Amino acid sequence: MINTASIRGIEHTGRQGVMAYSAAKAAVINFTKTLTKEVAQNITVNAVAPGFVYTPNHEAMPKEMTNEFIEETLIKRFISDTEIGEAFIYLVGANAVTGEVLVVDGGFTLK
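Sequential numbering from -15 applies to the sequence shown in the working numbering.
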């Protein structure tokens, strides 16, 4: 099982204005880790926590806001949907990985 979390669900990364979203994604992370303890002998349970992924919605955002997102990552760009997909593909085949949250955020959570 692979859940979709978010960097906003990781400790110290919640953001004003998205409190409910951050709380929900923190719950997904907790669910992932707790369920792992119950089913680890038979099923791997992990989560992917994407960072700032470019979507068409960003076209409507002020340029200053999108630039802020880019500046907050160490790689200085948005994450692509392909890169997020690659994280899921990795976890599908990683039979010894369970209870983990794979953060794909270009270094955002390291800042």
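Note that beta-carbon positions come from the ideal geometry of N, C-alpha and C, so glycine has one too. If you're wondering where the values come from, they're calculated on a predicted model, not measured in any experiment.
Segment limits, alpha helix (DSSP H) that includes residue i
{"i": "A10", "result": "3 to 23"}
{"i": "M45", "result": "No alpha helix (DSSP H) contains M45, which DSSP labels as neither H nor E."}
Residues that residue i bridges to, as DSSP identifies them
{"i": "L86", "result": "V32"}
{"i": "T39", "result": "Bridge partners of T39: none, in fact."}
{"i": "I(-14)", "result": "N30"}
{"i": "I68", "result": "For I68, which the question treats as bridged, DSSP gives no partner whatsoever."}
{"i": "I(-6)", "result": "Answer is none; I(-6) lacks a bridge partner."}
{"i": "I63", "result": "V37"}
Where the beta strand (DSSP E) through residue i begins and ends
{"i": "T93", "result": "Segment: none, T93 is in no beta strand (DSSP E) and carries neither H nor E."}
Residue from the options with nearest C-alpha to residue i
{"i": "E55", "options": "K17, L94, A7", "result": "L94"}
{"i": "A33", "options": "G91, F92, L86", "result": "L86"}
{"i": "E(-5)", "options": "S6, G1, P40", "result": "S6"}
Separation of residue j from residue i, as counted between CA atoms
{"i": "T66", "j": "E52", "result": "22 Å"}
{"i": "A44", "j": "V37", "result": "15 Å"}
{"i": "G76", "j": "A11", "result": "The question names Gly, yet the displayed sequence has Val at residue 76. Looking at the two C-alpha atoms, the distance is approximately 22 Å."}
{"i": "I27", "j": "G35", "result": "26 Å"}
{"i": "M49", "j": "G(-7)", "result": "20 Å"}
{"i": "A80", "j": "F92", "result": "26 Å"}
{"i": "T16", "j": "V29", "result": "6 Å"}
{"i": "K60", "j": "K21", "result": "37 Å"}
{"i": "I(-9)", "j": "T(-3)", "result": "7 Å"}
{"i": "P46", "j": "Q25", "result": "48 Å"}
Contact test: residue i Cβ vs the ligand NAP heavy atom, cutoff 7 Å
{"i": "A80", "result": "Questions concerning the ligand NAP fall outside what the structure shown contains, since it holds no ligand whatsoever."}
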